[in-house]
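J.: Heads up, the sequence shown is in my numbering, so the first residue is 4 and it goes up one at a time. Structure in structure tokens, see below.
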Amino acid sequence: MGKRILRTKLCDMLGIDYPIFNAGMGPTLMGEETGAPVDLVVAVSEAGGLGVLGGSGFTVDELREAIREIKARTDKPFGVDLLLPKNLDLGEGAGMEGVDELPISEILKMLPPAHRDWISTVKQDLGLPDVEFMVKMNTTTVRPEESVAVCIEEKVPLFCAGLGNPGFMVERAHASGMQVLAITGNTKNARRMAESGIDLLVAQGHEGGGHTGRIGTMALLPAAIDAARPVPVLAAGGIGDGRGLAAALAMGCVGVWVGTRFLCTREGGAPDIVKERILASADEGTRVSRAYTGKTLRATYSGYHDLWDKSGLDPLPFPIQIMIASALLASFIEAEKADYVTGPAGQISGIIDQIKPAAQVLEDMVEEAADILTRRLPDSVTVA
4 MGKRILRTKL CDMLGIDYPI FNAGMGPTLM GEETGAPVDL VVAVSEAGGL
54 GVLGGSGFTV DELREAIREI KARTDKPFGV DLLLPKNLDL GEGAGMEGVD
104 ELPISEILKM LPPAHRDWIS TVKQDLGLPD VEFMVKMNTT TVRPEESVAV
154 CIEEKVPLFC AGLGNPGFMV ERAHASGMQV LAITGNTKNA RRMAESGIDL
204 LVAQGHEGGG HTGRIGTMAL LPAAIDAARP VPVLAAGGIG DGRGLAAALA
254 MGCVGVWVGT RFLCTREGGA PDIVKERILA SADEGTRVSR AYTGKTLRAT
304 YSGYHDLWDK SGLDPLPFPI QIMIASALLA SFIEAEKADY VTGPAGQISG
354 IIDQIKPAAQ VLEDMVEEAA DILTRRLPDS VTVA
């Protein structure tokens, strides 16, 4: 059989063969590579989808290097996903100007006393070692304007705002030939982002891994499509095979934004322990918590969730809360306490039972969706 054809308006907009993106997933809390490294971006784009680089953990210079590496390895379109948070201060008087990196121990000293005391108590109770590592203070998340400028200068085909409204940079992006995508978890933001001039919108349901909202995918998609019209909408949250792709297209979406399934591939940048937790997870094996980043984030359930729930503490604002989770995660790993180690993952984890090459994941999705839309659906549904 020849190469399957499965095209939507999205394919024409971006010059791709299939309406499938890998989500732009960022790094682990400690800065280890997790998500959408260059290998995954290239693999997805070369297979006919659109690879998206999760750039939140890069410095501005590293972001430029990664973009240039992608362009050197493929001539296919790709995207870059950055976070555009509102709150970046580590605290008044922190004196962080011009500081590129700091030891985690120094950062923890800047946190509120109650949070520092809780970290010490957890380490003492579980017999955890102190683990020192350097935390980048000059990442793209801390310097969003410079990072956006790099994407424009490097002529990235698609800019993706994984967090925040990218409306402020749409005019500059369009002037350079770059299209802009935003992500929403509710209809209010879908309408607001569409009005800001973006080209594409991802509507992500509660089922999705990473930062997620409160509305289920099936309820969100039609409402977001109506609210954002005429901006085309991609579906995200609980999509990991051709059945999900076919359902999204039937709902009126132009494509899908897939995270967990691509994270758990050979090219996916997650540490092995995170992939193993996804493979072992059932459909109820994830939990939404503010424990990791200060925002609602779905991850594979672990003992860390329980520790945080019992703390009685309020989460610190994004991205400051990440420092707490980073420090403890490093200690959990050093102490080989795997039951406390986790990573972002969606409810679709329950149907993932094998690590495959990213290209095979994409090809399987296309084949299954095409089969449903052309053969199985007509055979199972009678329309008079």
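Backbone N, C-alpha and C define an ideal beta-carbon position, used for all residues, glycine too.
Pull up the distance between the alpha-carbon of Gly-353 and that of Glu-270, whole angstroms please.
T.: Rounded to the nearest angstrom, the two C-alpha atoms are 20 angstroms apart.
J.: How close, in whole Å, do the beta carbons of Gly-349 and Thr-296 come, if the pair is a contact with beta carbons under 8 angstroms?
T.: With 8 angstroms as the limit, Gly-349 and Thr-296 do not qualify as a contact, their Cβ atoms being about 16 angstroms apart.
J.: Please go through the stretch 252-303 and give each complete beta strand (DSSP E) segment of 3 or more residues, from N-terminal end onward.
T.: Counting whole runs of 3 or more residues, the stretch 252-303 contains the beta strand (DSSP E) stretches 258-261, 289-292 and 300-303.
J.: Which stretch, first to last residue, makes up the beta strand (DSSP E) that contains Asp-78?
T.: Looking at the DSSP string, Asp-78 is not in any beta strand (DSSP E), and its letter there is neither H nor E.
J.: Run through the stretch 359-384 for me and flag every whole alpha helix (DSSP H) of 4 or more residues, listed as ranges in chain order.
T.: Fully enclosed alpha helix (DSSP H) runs of 4 or longer: 361-374 and 380-383.
J.: Starting from Pro-147 and walking both ways along the alpha helix (DSSP H), at which residues does that stretch end?
T.: Run containing Pro-147: 147-156, per the alpha helix (DSSP H) assignment.
J.: Beta-carbon within less than 8 angstroms of Thr-289's beta-carbon, same chain only, minus the 5 sequence neighbours each way: which residues are those?
T.: Taken in chain order, the residues that qualify are Gly-212, Arg-301, Ala-302, Thr-303, Tyr-304, Ala-348, Gly-349, Gln-350 and Ser-352.
J.: Could you pull out every residue in the same chain whose Cβ sits closer than 7 angstroms to the Cβ of Glu-366, ignoring the five residues on either side in sequence?
T.: Closer than 7 angstroms at the Cβ level, and outside the excluded window around Glu-366, lie Ala-50.
J.: Can you say whether Arg-280 is buried or exposed, counting buried as having 16 or more other CB atoms within 10 angstroms of its CB?
T.: Label assigned to Arg-280: buried.
J.: Can you give the Cα-Cα distance for Ser-123 and Leu-114, rounded to whole angstroms?
T.: Spanning the two alpha carbons is a distance of roughly 12 angstroms.
J.: Please state the DSSP three-state secondary structure of Asp-92.
T.: Low local confidence applies: a pLDDT of 44 at Asp-92 is under 50, so the model's placement there is unreliable, and no value is given.
J.: Nearest CA to the CA of Gly-54: which residue from Val-261, Thr-220 and Leu-332?
T.: With distances taken between Cα atoms, Gly-54 lies closest to Val-261.
J.: In angstroms, rounded to a whole number, what distance separates the CA positions of Gly-98 and Glu-135?
T.: Note that Gly-98 scores a pLDDT of 48, beneath 50, so its modelled location is shaky and nothing firm can be said.
J.: Does Gly-272 pass the burial test, meaning 16 or more other C-beta atoms within 10 Å, or should it be called exposed?
T.: Looking at its Cβ environment, which holds 16 or more other Cβ atoms inside 10 Å, Gly-272 is buried.
J.: Please state whether the Cβ-Cβ distance between Leu-224 and Met-254 is less than 8 angstroms.
T.: Their beta carbons are under 8 angstroms apart, which means Leu-224 touches Met-254 by this criterion.
J.: Based on the DSSP secondary-structure assignment, which residues constitute the bridge partners of Asn-25?
T.: Paired residue(s): Val-261.
J.: Spatial neighbours of Val-151 within its chain, please: CB distance less than 6 angstroms, with the 5 preceding and 5 following residues excluded, ordered by chain position.
T.: Counting only Cβ-Cβ distances below 6 angstroms, and skipping sequence neighbours, we find Met-172.
J.: Taking buried to mean at least 16 other C-beta atoms within 10 Å of its own C-beta, is His-177 buried or exposed?
T.: Burial call: exposed.
J.: Rounding to the nearest angstrom, what Cα-Cα distance links Phe-265 and Pro-132 in this structure?
T.: Rounded to whole angstroms, Phe-265 to Pro-132 spans 33 angstroms at the Cα level.
J.: Taking the CB atoms as reference points, tell me whether Ser-48 and Pro-80 lie closer together than 8 angstroms.
T.: It is a contact, given that the beta carbons lie within the stated cut-off.
J.: Just the C-alpha distance for Gly-180 and Pro-160, rounded to the nearest angstrom, thanks.
T.: Roughly 7 angstroms between the two C-alpha positions.
J.: Given Ala-251, which residues of its chain have a CB within under 8 angstroms of its CB, disregarding the five upstream and five downstream residues?
T.: Correct list, in chain order: Leu-224, Leu-237, Ala-238, Ile-242, Gly-258 and Val-259.
J.: Report the rounded CA-to-CA distance for Leu-17 versus Gly-52, giving the unit in angstroms.
T.: If I take the Cα positions, the gap works out to 10 angstroms.
J.: Apply the 10 Å Cβ neighbour rule to Met-368 and answer buried if 16 or more other Cβ atoms are within range, or exposed otherwise.
T.: Label assigned to Met-368: buried.
J.: Got a sec? Which residues, its chain only, sit under 6 angstroms from Tyr-21 by beta carbon, not counting five neighbours each side?
T.: Taken in chain order, the residues that qualify are Leu-9, Gly-51, Gly-52 and Val-369.
J.: Grouping DSSP H, G and I as helix and E and B as strand, with all else coil, what is Leu-17?
T.: If DSSP states are grouped into helix, strand and coil, Leu-17 belongs with the helices.
J.: Go to Glu-104, then tell me how far its beta strand (DSSP E) extends in each direction, as first and last residue.
T.: That run of the beta strand (DSSP E) goes 104-106.
J.: Measure the C-alpha to C-alpha separation of Ile-336 and Gly-219 and round it to an integer number of angstroms.
T.: Going from the Cα of Ile-336 to the Cα of Gly-219 covers about 33 angstroms.
J.: How should Pro-322 be labelled, buried or exposed, when 16 other C-beta atoms within 10 angstroms of its C-beta is the threshold for buried?
T.: By the neighbour-count rule (16 or more Cβ atoms within 10 Å), Pro-322 is buried.
J.: Give the secondary structure of Ile-186 by DSSP, where H, G and I count as helix, E and B as strand, and everything else as coil.
T.: Residue state, collapsed to three classes: strand.
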